[in-house]
Every structure is written in C-alpha cells, then in structure tokens.
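Below is one structure, written out as structure tokens; the observations come after it.
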Amino acid sequence: MLSRVAVGLRPSVTDVLGHRVAAKIGTELRLPVKAVRIVKIFTIDGLSETEAAQVATAGVLHDPVVQIASLEPLSPAPEATDWVIEIGFRPGVTDNEARTARDTIALALSLPEDRKASLAVYTAAQYHIEGLPDRAAAKRVAVDLLANDLLQRHDIKSGDEWRAEPGFPARAAKVTGQASAKVEVPDLFNMLEADMLVLGRERTLALSLPEWWAIRAYFGRPGFKMRRSCWGLHHNPTDVELECIAQTWSEHCKHKIFNAIIDYVDEETGAVEVIESLYKTYVQGSTRDIRKALGENDFCLSVFSDNAGVVRFTEELHICIKVETHNSPSALDPYGGALTGIVGVNRDPMGTGMGANLLCNTDVFCFASPFWEGQLPPRLLHPRRVLEGVREGVEHGGNKSGIPTVNGSIVFDERYLGKPLVFCGTVGTLPADLHGKPSYVKKAMPGDYIVMVGGRVGKDGIHGATFSSEELHEGSPATAVQIGDPITQRRMYDFLMRARDLGLYHAITDNGAGGLSSSVGEMAQDCGGCELYLDRVPLKYDGLVPWEIFTSEAQERMTLAVPPEHFPAFMKLSREMGVESTELGNFTNSGFLRVFYDRRTVAYIDMDFLHEGTPRMRLAAAWKRPEIARTEPVMPGGGHGKLLRRMLGRLNICSKEYVVRQYDHEVKGGSAVKPLCGARRDGPSDGGVLRPDLSRPEGVALSHGICPRYSDIDTYWMMAAAIDEAVRGAVAVGADPARLAGVDNFCWCDPVESEKTPDGRYKLAQLVRANRALAHFSRAYRVPCISGKDSMKNDYSGGGAKISIPPTVLFSVMGFVPDVARVVTSDFKRADDLVYVLGLTRPELGASELADELGFSSPDVPQVDATPAARRYRTLHAAMRRGLVSACHDCSDGGLAVALAEMALGGRLGADLDLALAPAVPGLTDLELLYAESQSRLVVTVAPENRDAFEALFAGQALGHVGVVTEAPDLILRRGPVIFCAETAEELAQAFKATLDW
C-alpha cells in the first residue's frame, strides 16, 4: 500500500526556499511570477494506514513547530495558486533524503528487521506557483529549472485542476527488474572490424581497432581455449570480460594518450623527435630529477603509485592530495555530477596508503558565461543552470561530510558551453607510522578476504570510465550519471578510520571508475590474482546482470583486503557502526582474475594481460605557431577610473563571494587564511592556509594556477603561467618555496587526428608543448608533481556543431607553512604602510582580460623568467618569516591595476601610488603598465620602520617603491604627474561584487 505524507510550512512561516525559487524563475527564465510555495512529499510503501497516520502526526518527518504534515494534499495558497508542479526521481536514481526518511520511520515505529527491509520511501517536491501565465510557462519552469529529465519526472496541474482534484497519484520510483544470471558471449572470432566497432559503440566500450585485435589475439592463444573450457567458458570472451577489459583500458584509467609514442615535428624549426611517453618523459621524469636534486631534503614519500600523492609534513604527520575531474557527468546532470565528483575525490585519500583522515577540499570550475544567450545545442543545459547545479553539488558533498572547502576559483569561457570542467580536490593526513609500519605502504596478501564496504550497487554510474573517455554527444548514456550520498560515506569513513587504527586490514582502495572491476583488479596486482563472487554483492534493487554488478560505479564504496584472522573483528565493528560490509571472495597468487556468478565462472583473465596488454598508440603531432594579428587597443570613453571598474566586474576577475559563502571553510577550526579576507571579509585571497594539527604551529597552504586563455597563443606559456601562478599564490600567503608539491590536471580537446578532429596533430603538439613547460618550470621551481590526472576528450558534438574546450591545465600547489602566526593576506592593513611592486612589467597583453574587454588582439603572451622569479619568491618568504610584510597580493588576471584595486577594497583603505616607479621595461603604454599580465609579480606592503631591512633583502632584484597606503579611501593611480584615476575603495568593492551578486 502506498501512502503519501505531505509536509509544508505553517502559514505564519516565511517560505525562504520558495522565495529563492521564485527569484530564479524571474532572473534566469525571465518569466513573471509572484510567489512560490513548496510542499515536500514522502511516498511510503510498506506501512498500514494506522502506521502512516502515526508518521504524519508524530513529527517523524517534519518539525511541528514550523511545519504541518498531512496524509491529504496540502494547498498553501489554494485560491492564489495558478500552477502546481511536482518533481520526483525516476526509478533507480539515488534518493538520499528518502533513505534517511526510511531509517527514521523504522526507528520511530520500532519496526523489526524484516519490516524495515521491505519498507521503501520515495520523495518528491511540489511547487505551488502564483503568477505564471500558461501551461507552456509551467512546462518551461519544470524542464529548464526544477527538473533534469535524465533523472527526474515532472507532473503539472493548473490551479483550476488542482482545486477540482487536489494532489497527484501516489507513485513509487521502484525499479521493477528481476535478478538475472544472463551472461552474453559475443562471437568475436567471427566479427569483421566494422562489427567490432559497432559492438563497441552499442556497449560504450570505447575500444579502438588495435585493442579489439589484441583482445582477439589473447583469447585465441593456443591452449587457452582448452584452459577456459575447464572453467565452462567459450574461447570467445564473455560480456563480463569485455566490460572489465574496456574499463581497465579506458583513456580515463590507462591514460593512453599520455603514454603513447608521439612523432613530433616542429614546423617552425624543422626539428623532428620521437617522444616515448609524455608521462614518463616530462611528468614522471621531472619529479624524479627534482627528488634527486633535493637529496636528503626530499619530502616526497609516495608519488604516482596510489590514489593520492603523499609528502612528509612533520615527523609525526604526512599529508596527501588528489585532484580529480568530473566533467562529462556534470555536463548531463550538474548537481549529481559535481556531488559525485567531490565525494568521489574524498575517497581517494581514504584509499591512500592505509587510509587518510580528510582535512579539506578544493574546487575549480570552468563554465560558459551564466549570461549566455542563444539557442542551446541538443542535450546541453544553460550555463547558469550548470553553474548552480555544480555549486550546489559540491556544497552538499563537502558541507554534509564535515570537510572545509578552503580554496578554489571559477573560470569563464564560451568554449566550456559544450563541456564544463569540474575540478574537485581533497587533502588528507596520515600518521607517520601505523602499527610499526609506514602509513603510506599497503599490500593485499594471498588469502585476504575481498571485502566491499559502504553503499550498495545499482545501475547508476555504469560505463562512467568509458563514457568519460569519449566526447559528449546527443546519445551519451544517462546511466553514467550518479548521485552521491555524503551521509552514508561519512559513516563509512568514520568506520574505516577506526578499523585502520585497530589494524584490521592490509590494504584499501576506493570503488571509483570501473567499480569492482577496477578496485579488485588493481589490488590483485599486489598478490597476483583474485577470486570474486558477484552474486554476493549487495544490490540496491534486482535487475542487474553480472557485468553491470562488476563495473557499476555506484558511490560510497571501498574495497579492502582483510586477513582472515581479523575478519570477525572487522565485521563486528562494521555492524556496531551501522556500515554494510560484505565478503566477496579472496585475493590469490594464481596470476588470474577469476569472477564467479551463481557458482559459474564468468570471467577468467590473465592479470598481466589485463593491466599490461593495452596496445600502445602511435600518434603524430605537428607544431606551427598560430598567426595572431596585432591590433591596437582603443581607450574607451569615461577614463581610466571607469575602465578599472569595468575590469573589476569582468567574469574572470569579479568576486565569487556568492559561491564562496555557501561552502563551509571553518568546520574543524583549522583555517588561518580563508577564501575571503580583509576589513569586511570580501577581498580575494591568493591561497588558503589551515593547520592540520591544532596543537602545532605548522600549516599547509593550498593554491592553484589556471590560464586557459593563453592556450590560444601558445600552450607552453599557458602551462608556465599556471605553474607560476600557483607557486606565487602559495608563497604570497606564507608557504616555504623550498617545500612545495604540485598536482597537474590536464583537460584537453581530442588530440588524436581523425575525420572528426582534422586538426588533431596541432592539438597534440599543443599537449607536447604544455608537457615540456611542465617539466621545465617544475624543475626550475623545484616543485615535484606528486599526483595528477588527465581528461582528454572534452568535446561536444550535436545539432551539427562541435564545441571543444580551450586546452586547460589546473596546476595545484600544496605548500608547507612553518608558522601560521606569520601568514599574510592580500588586503591593505594600515595607513602609511609602504607599497612595493616586485617583478618586472613587460608589454604582454596577448590573450589578456583587457584584450577581451576592449576587443583587440596581440601575440604577446605573458612569459615566465623562472630564475629571477625563484629568487624573488625565496627572498619574499625570508621577509615574511622576519615579519617584514603586512600584506601581499599576486598580479594575475587584469594585471597591476586590478591587483592594487583588490588590495584597496579588501582593506577599505586608499593609496597614493606612482606606477612610473614600478619595475618595467622602457616604452610601456599606459594600458600595458596598468593591465599587462606579466608573470611572477607581486604587490606587498611594509611598515615604514621595516623599510631598510626589507629593501636590503631585495637588493639587486626588480623592486619598486610606488607609494603609501592612505587613511583616505581613494585609490589614486598616477604615472608621474598624470593621474589615471582616483576611485574610492567602496566604489571598487561595488564594481567587484556586482556581477555575480545573486
């Protein structure tokens, strides 16, 4: 029997969420609306009428002080309502609120375990809307704002229809499948190449023809057919085997382009080179060289071998970091994709070494303009909706997990319309030693039980790895989208930390891309094999066939290797802490991954072939510098003051306070430098600093660099600028430049030449140049990359259009802060402080924010001179350690004028500054002096009494004393006798905050 409990606010209580939805309808959809009132619906299956009435009257699902609950439909404003829209989840979609409601009902009614197991709850939301003109408008609100048709259904009634017949029919979003042991065996040995490609497309396998032939050759080996027949298998691979191989060999997991052999031609110089592997040559190679150069001071412990990179922090504590992307799922469902992204990357530190405590999150997003206008291509959502969904997903994932979000940014470019970029990062801590062994070392042993911990398996997330290895298109599978459950994951995390400290397991990893096929397959490399029983896997619902169980990426799951002698204690603790744990088989040393379902072998694959059998790609790259016309900027009317305010309001410069304020950066109480700083806490910070151990003074700094605009001219200097920006951001808040670790995240448009990508050679050459810059500037700054990720198919095709992102690299830096009492923020602090500019300004306006604002072009992309920059950063850190610096801010987007304005608005203080005294090459125009984005520059303030000591430290370096901070609120920028502008700090703050002040 289905019962519906409606929960709404009492008439005396303001519907704040309803007001917010009404505002969105007006601002985002531009539809007239007077009011929105929201009613929550709980559809319950498994209770009697009496029990359902008890739930409605006893305050089980509502707060009686401010809410009312009823088994009859609620009408908050029956006469005023023009339309009622109900939004609910489709069958199989994770419904976190429903799960909590089910547990609450079972607890309140003291239901026995068998009744609880059969109890089901489904949630929906009703929007009672006043003011919409017609059904078409109501439909638009439902489809374009309230629901995502991939995951949710909607029902609409007019006000008259509602008044005549209140309510909607009770509906259960129940999956109605049946348990199935069906295993398909495609006839691979009788397929033509075209048939192989068709099968690959139908199953979203993302396998190339060489890979298909390698699979066929493996299963056709002499004698292997007989061995397989002993296990009841045909010589053709089963669908379980094909899916497992496809996940393991996917671009997402195997990084085939980064490991390809590349024939590189520089058409400018005629140089020809064969690059054996971008990853081994430039990423791994530079880190190896840096560690060797550091010698005894090498702080790296585990790099490129685990879920996250690990470095030494103190003698008692290690720190790890991982940054992931979740682009493709976020394009289809921004909320679910981003939520899964943040809780997914949380599991990477959980599965690093013996398991890390979670310290903090970071996030960086790349979107098209939220003010974008025009006809959207098929399957794409409006950028404003993408932004809001991603923001909310990361908010719910981080805040509900009790993990602070301390650093991030948002980049806007119209080319992210086809596929947004969603970077989510997590930092964790590990005790230096656990049970007499290094905490970052783990190994599954033969005989250990394979134990899955956490959530159950469903169809959500199937083909996530292979889906993200292809371009987004109109037919991309909705099953790749998941919705994470931070509450379940938090419970699992607390249990795992207890189990770790008790020494109850040998190894741990997360169930991410590829699900069990990936986690068990990777862990089995430690010991050389495994035997896994899929029919033991706990399911969310019936209807999954074996390959779906094996490869589902359903969230909140970890895989552990538990020794038999600790298994009883492990399971006892699991039950006590309310976490579901299931033994699925054993790790072995057989050399094979063997998978069973219902006492039948459904997969039997050699471990070496599974992990080392991928055919290497051989690709061609050709570099030719793009021709960028040089046009001269025209100074707009209104003078420099108006231009400065316009620059502060640009999407890539303006305040992101709207987003920042919705993330909890204070939970755990360790933050020292917050995302916003200054007199009114609305000035931008260059990085975040927090203290992992509140009993000690050391801190960890987090910063990042991302400069995709420069890729239009040269990806070499794009990469150099990203590294430099990340390094100087960390140094600006107090990090020691001698102890910085990097994380590289490449997001590229398809760089493989094909009919769809005729310019693939050029795009691959761009990737080569970016990697060369990574190696060069990592070595120059001695910043080893300890972790990273690449996402190589960030293109969209649909409606006759192809949209490719600009080549993008997020370079994150994690730095050691010796004493958080010495951290520095960007805002002006005191009148009479002296203002210095560090670093040389050059005529570099190519791909700058000013160029985009004024509509001119220049080939002069900002370049990085690492030798003086590295010296500058070391000297600045020494000055900070001596307490000589009161404020510090880096010059990035918008150049020197924007940096000075941000310092003034942060402190709500003025300054009188002569920029003619700033270090610069001769002959700069006014616009170049003000807005050139030359790298490695910072602005600092110094108390007058510290002037001599500060200038002595920087003797012989590019340093200019340009003026003083003033009590008067006017920021005066001049060049000798010529005054550019005199803007008050409050006017600058208003310009800075107005664009995204939603």
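Residue numbers for the sequence shown follow numbering that gives the first Met the number 0, beginning at 0 and rising by one. Ideal Cβ positions, reconstructed from N, Cα and C, are used throughout, including at glycine.
- The Cβ atoms of Val808 and Ala721 lie closer than 7 Å to each other.
- If you draw a straight line from the Cα of Ala123 to the Cα of Gly454, it is about 22 Å long.
- The Cβ neighbour count for Arg134, taken over all protein chains shown within 10 Å, is under 16; the residue is labelled exposed.
- Annotation for Ser400: Pro485, Arg489 place their beta carbon closer than 6 Å to its own, counting only its chain and skipping 5 residues before and after.
- Under DSSP, the beta-bridge partners assigned to Phe595 are Tyr532, Thr600.
- Judged by pairs of C-beta atoms under 8 Å, the segment 582-594 touches the segment 603-613, as three or more such pairs exist.
- Excluding its 5 nearest sequence neighbours in each direction, Gly648 has C-beta neighbours in its own chain below 8 Å: Ala990, Phe991, Ala993, Thr994, listed in chain order.
- In the three-state reduction of the DSSP assignment, Glu192 falls in the helix class.
- Per DSSP, Leu30 lies in no alpha helix (DSSP H) segment and is marked neither H nor E.
- Here Ala774 is near Tyr281, since their CB atoms are less than 7 Å apart.
- Secondary structure note for Asp159: its alpha helix (DSSP H) is the uninterrupted segment 158-163.
- Put simply, of Leu912, Phe312, Gln246, Tyr334 the residue whose alpha carbon is nearest the alpha carbon of Ala981 is Leu912.
- Restricting attention to beta strand (DSSP E) runs no shorter than 3 residues, the segment 61-147 encloses them at 66-69, 82-88, 119-129, ordered along the chain.
- With contacts defined by Cβ atoms closer than 7 Å, Asp14 and Asn147 do not form a contacting pair.
- Assigned with DSSP and collapsed to three states, Trp211 falls in helix.
- Note on Gly397: 16 or more other CB atoms within 10 angstroms of its CB, so buried under the neighbour-count rule.
- Nearest in C-alpha terms to Val812, of all of Tyr709, Gly741, Glu579, Ser847, is Gly741.
- Within the same chain, Cβ atoms closer than 7 Å to the Cβ of Glu394 are found at Gln661, Tyr662, the five residues on either side in sequence being excluded.
- By the neighbour-count definition (other C-beta atoms within 10 Å, threshold 16), Gly511 is a buried residue.
- Per the DSSP secondary-structure output, Val812 pairs in a beta bridge with Ser702, Gly741.
- The continuous stretches of beta strand (DSSP E) do not include Val658, which lies in the alpha helix (DSSP H) extending over residues 656-659.
- Of all alpha-carbon atoms in Gly130, Pro31, Thr26, the one lying nearest the alpha-carbon of Ala76 is that of Gly130.
- Straight through space, the alpha carbons of Phe257 and Gly612 are spaced by roughly 16 Å.
- A straight-line Cα-Cα distance of about 28 Å links Gly25 and Asp94.
- Between the segment 419-438 and the segment 673-686, the count of C-beta pairs closer than 8 Å stays below three; the two stretches do not touch.
- Taking all protein chains shown into account, Gly483 has 16 or more neighbouring C-beta atoms within 10 Å of its C-beta and is therefore buried.
- Spanning the alpha carbons of Arg768 and Ala868 requires a straight line of approximately 21 Å.
- Listed in chain order, the non-local C-beta contacts of Val672 below 7 Å within the same chain comprise Ser684, Gly686, Gly687, Val688, Val732, Val822, Thr824, local neighbours out to five positions each way being set aside.
- Collapsing the DSSP output to three states places His664 in coil.
- The residue from Glu950, Lys39, Phe586 with its alpha-carbon nearest to that of Tyr126 is Lys39.
- Counting only residues of its own chain and dropping the five nearest sequence neighbours on each side, Glu266 has a CB closer than 7 Å to the CB of Ala621, Trp622, Lys623.
- The three-state reading of DSSP puts Cys365 in strand, counting E and B together.
- With a cutoff of 7 Å on beta-carbon distance, Ala931 and Thr840 are scored as near each other.
- By the Cβ rule, the segment 873-882 counts as touching the segment 938-956, because three or more pairs are nearer than 8 Å.
- Annotation: Arg287 to Ile260 spans about 20 Å, alpha carbon to alpha carbon.
- Boundaries of the alpha helix (DSSP H) around Met902: 894-906.
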